[in-house]
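A.B. asks: Following this message is one structure expressed as structure tokens.
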Amino acid sequence: AQSVTQLDSQVPVFEEAPVELRCNYSSSVSVYLFWYVQYPNQGLQLLLKYLSGSTLVKGINGFEAEFNKSQTSFHLRKPSVHISDTAEYFCAVSASGGSYIPTFGRGTSLIVHP
Amino acid sequence: GAGVSQSPSNKVTEKGKDVELRCDPISGHTALYWYRQSLGQGLEFLIYFQGNSAPDKSGLPSDRFSAERTGGSVSTLTIQRTQQEDSAVYLCASSRLTENYGYTFGSGTRLTVV
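Chains as they are written, first to last, in the working numbering: chain A, 46 to 159; chain B, 8 to 121.
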């Protein structure tokens, strides 16, 4: 079984500042990792995913994440945020073989202030 | 359709009544997932359908919850004798497993039990 911990429930930041949303996972097998964004009253939208290969993954809207196997982390970063990035962000993990059911973290609310 | 469609978008029901939530996955997506999103709780896995295989029901919280998927396409999640703690947003997702586990989510059904 896998688990995901998102260390911050809420991250306030000013517009144009950099941001990092933290995600740590636990698994006894190799994993795939995902970040999703949820805007108010909408479903989840895939930002980026790590399956294999390069540990630095680039996604949509200028976001990127780095897979660190030794630290079992997959932190999400953006060098300069916009007001429109205000949303809920979810980290998810699934086993790379066998069950394809992703496990989600509790989410981090990113609040961008002008 | 172009995306995952869920209906209704909102449902208010009286305690003790049965409700049915519907999910239309993306055409050709063989995998279908139901999740429940409660305030501050992240996404809780409920049930997973993959093709013609027996569904993985390991996430269903009680025997009041059931789901079926007809013809490998549309899915219905049924909650019998609803309780106030069933109030949540119910999210459906689908994926084509050959496309490296990108999950597409619907906008969800917000269920309120009064």
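Even for Gly, the Cβ is constructed at its ideal location relative to N, Cα and C. The structure presented is a predicted model; accordingly, all values stated were derived computationally and were not measured.
Which bits of chain A does Ala38(B) rub up against, with CB to CB less than 7 Å?
C.D. replies: By Cβ distance, chain A contributes Tyr145.
A.B. asks: Can at least three beta-carbon pairs, one atom from the stretch 71–80 of chain A and one from the stretch 22–29 of chain B, be found at a separation below 8 Å?
C.D. replies: Result no; under three Cβ-Cβ pairs closer than 8 Å.
A.B. asks: Using a Cβ cut-off of 7 Å, pull out every chain B residue sitting near Phe149(A), in sequence order please.
C.D. replies: Those within 7 Å of Phe149(A) in chain B are Gly49 and Leu50.
A.B. asks: Please confirm whether Gln116(A) has its beta-carbon closer than 8 Å to some beta-carbon of chain D.
C.D. replies: The structure shown contains no chain D; the protein chains it does contain are A and B.
A.B. asks: Can you name the start and end residues of the beta strand (DSSP E) that Tyr40(B) belongs to?
C.D. replies: Taken as a continuous stretch (DSSP letters only), the beta strand (DSSP E) holding Tyr40(B) covers Ala38 to Gln44.
A.B. asks: Please return the same chain residues whose Cβ sits closer than 8 Å to the Cβ of Leu89(A), not counting the five positions on each side in sequence.
C.D. replies: So the qualifying residues of the chain are Tyr81, Val82, Gln83 and Phe135.
A.B. asks: Check the DSSP bridge columns for Asp63(B) and list the partner residues they point to.
C.D. replies: In DSSP, Asp63(B) forms a bridge with Tyr55(B).
A.B. asks: Since Ala74(B) and Ser82(B) are thought to touch, with beta carbons under 8 Å apart, how far apart are those beta carbons, to the nearest angstrom?
C.D. replies: Going by Cβ atoms, the distance from Ala74(B) to Ser82(B) rounds to 6 Å, so yes, they are a contact pair.
A.B. asks: Let me know if Glu133(A) comes out buried or exposed under the rule of 16 or more other beta-carbons within 10 Å of its beta-carbon.
C.D. replies: Flag for Glu133(A) reads buried.
A.B. asks: Would you call Lys103(A) buried or exposed, if buried means 16 or more other Cβ atoms sit within 10 Å of its Cβ?
C.D. replies: Flag for Lys103(A) reads exposed.
A.B. asks: Could you tell me whether the Cβ of Phe112(B) comes closer than 8 Å to any Cβ of chain A?
C.D. replies: Yes, its Cβ sits closer than 8 Å to a Cβ of chain A.
A.B. asks: Helix, strand or coil for Ile146(A)? Go by DSSP, reduced to three states.
C.D. replies: Coil.
A.B. asks: Between Leu155(A), Val157(A) and Ala140(A), which has its C-alpha nearest Ser71(A)'s C-alpha?
C.D. replies: Ranking the options by Cα distance to Ser71(A), first place goes to Ala140(A).
A.B. asks: Which chain A residues are close to Leu98(B), counting only those with a beta carbon under 8 Å from its beta carbon?
C.D. replies: Going along chain A in sequence order, the residues near Leu98(B) (Cβ under 8 Å) are Gly88 and Leu89.
A.B. asks: If you check the beta carbons only, do Ile146(A) and Phe52(B) fall under 8 Å apart?
C.D. replies: Yes, these two residues count as a Cβ contact at 8 Å.
A.B. asks: From Leu104(B) to Ala62(A), what distance separates their C-alpha atoms?
C.D. replies: Computed Cα separation, rounded: 37 Å.
A.B. asks: State yes or no: is the beta carbon of Leu104(B) nearer than 8 Å to at least one beta carbon in chain A?
C.D. replies: At least one chain A Cβ lies under 8 Å of Leu104(B).
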